[in-house]
Amino acid sequence: MENERKDYLKNLVETHGTPGYEERVQAVFRGRIEAVCDSVTTDVMGSVTGVVNSGGAVRIMLDGHSDEIGFLVNYIDDNGYLWFKTSGGWDTEVVVSQRVLVHTADGPIPGVIGKRAIHLMNADDRKKKSEIENLWVDIGAHDKEEAAKHVKVGDPITMDAPFREILGGRAVAKSFDNRVGLFAVSETLRNLGKDLEAAVYGVSAVQEEIGLRGARTAAYAIDPQVGIAIDVTHATDYPDISKKKHGDVVLGGGPVISRGPNINTKVYRRLIEVAEAESIPYQLEADGTGTPTDANVIQTTRGGVATALVSLPLRYMHNPCEMLHLDDLDHLVDLLVAFCRSVKVSDDWTPSI
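Numbered according to the numbering used here, the sequence shown spans residues 23 to 375.
Right under this line is the structure:
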């Protein structure tokens with residue numbers, strides 16, 4: 023990956039935005055696409071949409087979600103500790119003792135998620151799984167009065183986990199789920215070029231992690247003929263994962279194209295065709311239901327949308343140290359560009375044998 027792109031990816035993942043608090047992330051996304059789009063708009067939910075070739079006769083929606091899982095301040099106790107609720111799906115075992123940022127009206131305040139030290143537990147307590155209601159954020163305040171000068175109930179909390187490159191062309195950070203979707207959407211818009219028949223709508227949707235909410239309203243407004251959700255999927259190339267149950271997906275193997283009832287067969291076939299024509303590596307996964315991604319709500323918008331899901335392989339999802347391969351992200355952009363350029367007004371996306 024080129025350094026300029028890498029810097030943009032780093033900026034995306036190190037910007038903070040939990041569900042309903044995505045404004046800073048959206049500013050980064052908007053700044054990346056404004057120069058290449060005919061228009062860039064923000065809807066009342068907060069989703070941002072940029073359009074390339076707005077006069078095109080067929081509308082393609084490319085969707086990535088901007089929010090990351092996090093927490094909300096729920097209560098400040100007399101000793102100045104912050105008790106919190108989750109916003110999105112967390113494994114509490116990865117939450118304990120993490121550095122966090124509490125995002126206040128005056129800016130971020132650093133803290134740590136506290137838990138009783140193992141030395142102070144009895145044998146039974148040591149065997150118990152941590153529960154959110156037994157964890158707190160310590161910002162160093164002496165008491166409730168000092169904490170309340172800075173923090174309000176409802177302030178969002180995110181992990182303080184910066185972007186780091188590691189061996190093998192890989193990188194780790196918080197919120198690759200799903201800032202990689204925003205990266206792919208923006209870089210696709212920036213590389214479409216001219217002579218498109220389709221109008222391409224690139225969406226940075228909000229509130230996916232709490233119910234696919236932003237994509238639902240954005241898809242209704244755009245009314246696309248074709249919609250592609252770009253998200254992450256589980257790599258299964260690390261210990262203690264059953265490939266019989268979860269499939270065979272590896273870091274560095276290319277983007278993952280989904281199959282199943284949530285996916286339009288003709289869009290799937292076109293993705294395969296352009297990948298093979300352009301020598302873009304890809305992988306496959308199957309899902310027998312509506313997927314837990316924005317593809318689910320895009321497909322059933324209005325009278326129905328020819329929908330696909332293209333994902334980036336990710337280790338350790340919903341973790342402060344999510345891991346990806348940078349080459350997969352470049353290949354994902356290449357695949358989306360090739361697909362959008364292949365779409366013609368004459369294409370019929372109605373399923374048929």
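Virtual Cβ for every residue (Gly too), placed ideally from N, Cα, C.
Note that the structure is a prediction, hence the values are computed from the model and not measured.
Of the choices the options, whose alpha-carbon is the least far from that of residue i?
{"i": "S374", "options": "T329, N286, W158 and E307", "result": "N286"}
{"i": "T313", "options": "L214, T329 and P335", "result": "T329"}
{"i": "R291", "options": "I302, N284 and I279", "result": "I279"}
{"i": "T95", "options": "S364, G310 and I135", "result": "The sequence given here places Val at residue 95; Thr does not occur at that position. The shortest Cα separation from V95 among S364, G310 and I135 belongs to I135."}
{"i": "H347", "options": "R148, L189, I179 and T126", "result": "L189"}
{"i": "D356", "options": "A297, L273, V254 and R138", "result": "A297"}
{"i": "G176", "options": "D182, R238 and A127", "result": "A127"}
{"i": "Y103", "options": "D85, V124 and D113", "result": "V124"}
{"i": "T40", "options": "T108, A57 and R121", "result": "T108"}
{"i": "I98", "options": "A163, T239 and A317", "result": "A163"}
{"i": "G203", "options": "K150, V367, L34 and P303", "result": "L34"}
Tell me whether residue i sits in a helix, a strand or coil according to DSSP, three-state version.
{"i": "I135", "result": "strand"}
{"i": "A308", "result": "strand"}
{"i": "R192", "result": "strand"}
{"i": "D85", "result": "strand"}
{"i": "F51", "result": "helix"}
{"i": "R186", "result": "strand"}
{"i": "A330", "result": "strand"}
{"i": "R281", "result": "strand"}
{"i": "R292", "result": "helix"}
{"i": "T287", "result": "helix"}
{"i": "T40", "result": "coil"}
{"i": "A257", "result": "coil"}
{"i": "H347", "result": "strand"}
{"i": "T210", "result": "helix"}
{"i": "L273", "result": "coil"}
{"i": "I302", "result": "coil"}
Tell me, which residues are paired with residue i by DSSP?
{"i": "W158", "result": "G136"}
{"i": "L336", "result": "H256"}
{"i": "T63", "result": "T71"}
{"i": "G249", "result": "M83 and T329"}
{"i": "I263", "result": "Partner(s): none; I263 has no beta bridge."}
{"i": "I179", "result": "F93 and V124"}
Report yes or no: is there a C-beta of chain C within less than 8 Å of the C-beta of residue i?
{"i": "I179", "result": "Protein chains in the displayed structure number just one, and chain C is not present."}
Can you round the beta-carbon distance between residue i and residue j to whole angstroms, since I take them to be within the 8 Å contact cut?
{"i": "R54", "j": "S208", "result": "4 Å"}
{"i": "I252", "j": "G110", "result": "At roughly 18 Å, the Cβ-Cβ gap does not stay under 8 Å, so I252 and G110 are not in contact."}
{"i": "A221", "j": "V50", "result": "24 Å between Cβ atoms; not a contact."}
{"i": "K89", "j": "E44", "result": "It is worth fixing the name first, because residue 89 is Asp in this sequence and not Lys. With a Cβ gap of about 5 Å, D89 and E44 count as contacting."}
{"i": "E155", "j": "V365", "result": "Contact flag wrong, Cβ pair sits at about 50 Å."}
(message) Suppose only complete runs of 4+ residues qualify. What are the alpha helix (DSSP H) ranges in the stretch 215-246, listed by chain order?
(response) 235-244
(message) Extract the residue ranges of the beta strand (DSSP E) inside the stretch 85-132, only unbroken runs of 3 or more that lie entirely within it.
(response) 92-98, 104-109 and 121-126
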